[in-house]
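Report on the following structure.
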Amino acid sequence: MGMRRASWLLWVAFAACRSASAPAPAESFAAIPKFDVHTHIAPGGMARARKLFAAAGIEAAVNLSGGETPERLAAQIAAGASGRILTFANLDWDGALRPGWVEAQVAWLRRARALGAAGLKIFKSLGLTIRDPAGALIAIDDPRLDPIFEEAGRLGMPVAIHAGDPKAFFEPVTPANERFAELSLNPSWSFADRSVFPSWEALFGQFSRRIARHPGTTFIGVHFGNDPEEPARVAKLLDGNPNLYVDTAARVGEIGRKPPEALRAIFLAHRRRILFGTDVGVGPRHLTLGAPEPRPATEADAPAFYAAHWRFFETARRGIDHPTPIQGSWKVDGIGLPPDVLEDFYHRNAERLFHLAPLPRPGAHPRSRPPAAR
Ligand SMILES: [Zn+2]
1 MGMRRASWLL WVAFAACRSA SAPAPAESFA AIPKFDVHTH IAPGGMARAR
51 KLFAAAGIEA AVNLSGGETP ERLAAQIAAG ASGRILTFAN LDWDGALRPG
101 WVEAQVAWLR RARALGAAGL KIFKSLGLTI RDPAGALIAI DDPRLDPIFE
151 EAGRLGMPVA IHAGDPKAFF EPVTPANERF AELSLNPSWS FADRSVFPSW
201 EALFGQFSRR IARHPGTTFI GVHFGNDPEE PARVAKLLDG NPNLYVDTAA
251 RVGEIGRKPP EALRAIFLAH RRRILFGTDV GVGPRHLTLG APEPRPATEA
301 DAPAFYAAHW RFFETARRGI DHPTPIQGSW KVDGIGLPPD VLEDFYHRNA
351 ERLFHLAPLP RPGAHPRSRP PAAR
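For the sequence shown, my numbering gives the first residue as 1, with consecutive numbering after it.
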């Protein structure tokens, strides 16, 4: 065998090896601390969450699932405090809008704040399933709820709201539905029955009016302002409401389908009010990396999940995987944010929002840097 042929064979072997082991070995990401403002940590899951976050360079997080009772909330806050994990309280919708219920929730918010809750999270059940004593769905902007949102503003508690869901969840569940795989796995996520559920557009309208009605209350529109499919519309909502922030939780797949230049421009124009979030869920017996997959996630899947985020926000690579494959079989285009915008997005905006000291700067990104680069 001649020298030339040997080196050619070597090259073929090398190329095959490279294509089999994406991401490319030279890939490394910014050494910037991360503040994940959108996680759900179940009681008993805190030690596991802290380990997961440490491995990924997540230096701080918000647990949106603090609960609706003082006992659970206090325990969640105490467990989180040791790991720089802030806790949001939730509302008890049992008996919603019965006489005295609003007053009880306002008192609960004060109690939650006194216990150390950093904010209030409202789940998508508001607008979709929660009913008043007469049996009617309660709209997100139902005026009877106003005192709760006003009190959150007085207490300095940001209100994270999940309104609606991907538009495909409001369409018939057929193989033609682009989220068919996900809806087949989670049939209760379909809101296609218009005799039961409001339209997507109606819910977004309710959400928009709620934000506008309380300029003294800070809101976080989770899942990219609850309209990741129309970033330009979210940008308009941000323009019209200085009290609104949005997070990116579990929606890189949606925003990443858009022309990257336009999306990048929105991130730059609103650099102070877009927050990094993932929708990671951790419990003693479950791990959800942004969205439930048919095969339950394990810690072994986490490095690829987080790297898909860093690759999307930090590089301009085209046709890359997004972090939550079940949410769509398409590829996304990275938006290559400049370093100073990444600093705002990854952690500084959250530090300002929650009045926290700057997070410690990691010497190097522990898991994203391949061993060879150390
Ligand atoms: Zn969530």
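Think of the CB as a built atom: it goes at the ideal place given N, C-alpha and C, for glycine as much as any other residue.
Selected residue, minimal CA-CA separation from residue i, among the options
i, options, result
"residue 34", "42, 51, 58, 40", "58"
"residue 112", "214, 207, 68", "68"
"residue 290", "323, 73, 149, 229", "323"
"residue 227", "337, 326, 203, 240", "203"
"residue 65", "99, 44, 312", "44"
"residue 270", "164, 28, 337, 185", "337"
"residue 193", "175, 169, 176, 184", "169"
"residue 328", "94, 117, 181", "181"
"residue 56", "318, 308, 163, 325", "308"
"residue 143", "341, 97, 160", "97"
"residue 330", "355, 253, 348", "253"
"residue 161", "185, 210, 135, 177", "210"
"residue 140", "99, 123, 52, 166", "123"
"residue 378", "240, 306, 229", "Here the chain comprises residues numbered 1 to 374, so residue 378 is not present and cannot be evaluated."
Alpha-carbon spacing of residue i relative to residue j, whole angstroms
i, j, result
"residue 335", "residue 278", "17 Å"
"residue 179", "residue 103", "40 Å"
"residue 344", "residue 32", "10 Å"
"residue 21", "residue 292", "Unreliable positioning characterises residue 21 in this predicted model, as indicated by a pLDDT of 48, which lies under 50. A coordinate reading is not provided."
"residue 231", "residue 295", "31 Å"
"residue 75", "residue 260", "42 Å"
"residue 133", "residue 361", "51 Å"
"residue 273", "residue 352", "10 Å"
"residue 131", "residue 137", "4 Å"
"residue 188", "residue 94", "20 Å"
"residue 379", "residue 117", "The chain is shown only over 1 to 374; residue 379 falls outside these bounds and no answer can be derived."
"residue 206", "residue 199", "11 Å"
Same chain, Cβ closer than 6 Å to residue i, neighbours up to 5 away in sequence not counted
i, result
"residue 223", "249, 251"
"residue 37", "62, 247, 275, 277, 350"
"residue 158", "119, 218, 220"
"residue 9", "The predicted position of residue 9 is uncertain, since its pLDDT is 44 and thus under 50; a value taken from the coordinates is nonetheless stated next. The answer is none, since no qualifying residue turns up."
"residue 146", "none"
is_contact[residue i, chain B] using C-beta, thresh 7 Å
i, result
"residue 287", "The chain labelled as chain B is not found in the depicted structure, where only one protein chain is given."
Residue i beta carbon near ligand 1 (any heavy atom closer than 6 Å)
i, result
"residue 279", "yes"
Cutoff 7 Å; reference residue i; Cβ partners in own chain excluding five residues on either side
i, result
"residue 358", "351"
"residue 128", "191, 197"
Neighbourhood of residue i by C-beta, 8 Å cutoff - its chain only, sequence neighbours within 5 removed
i, result
"residue 40", "63, 64, 65, 279, 280, 281, 282, 288"
"residue 154", "216"
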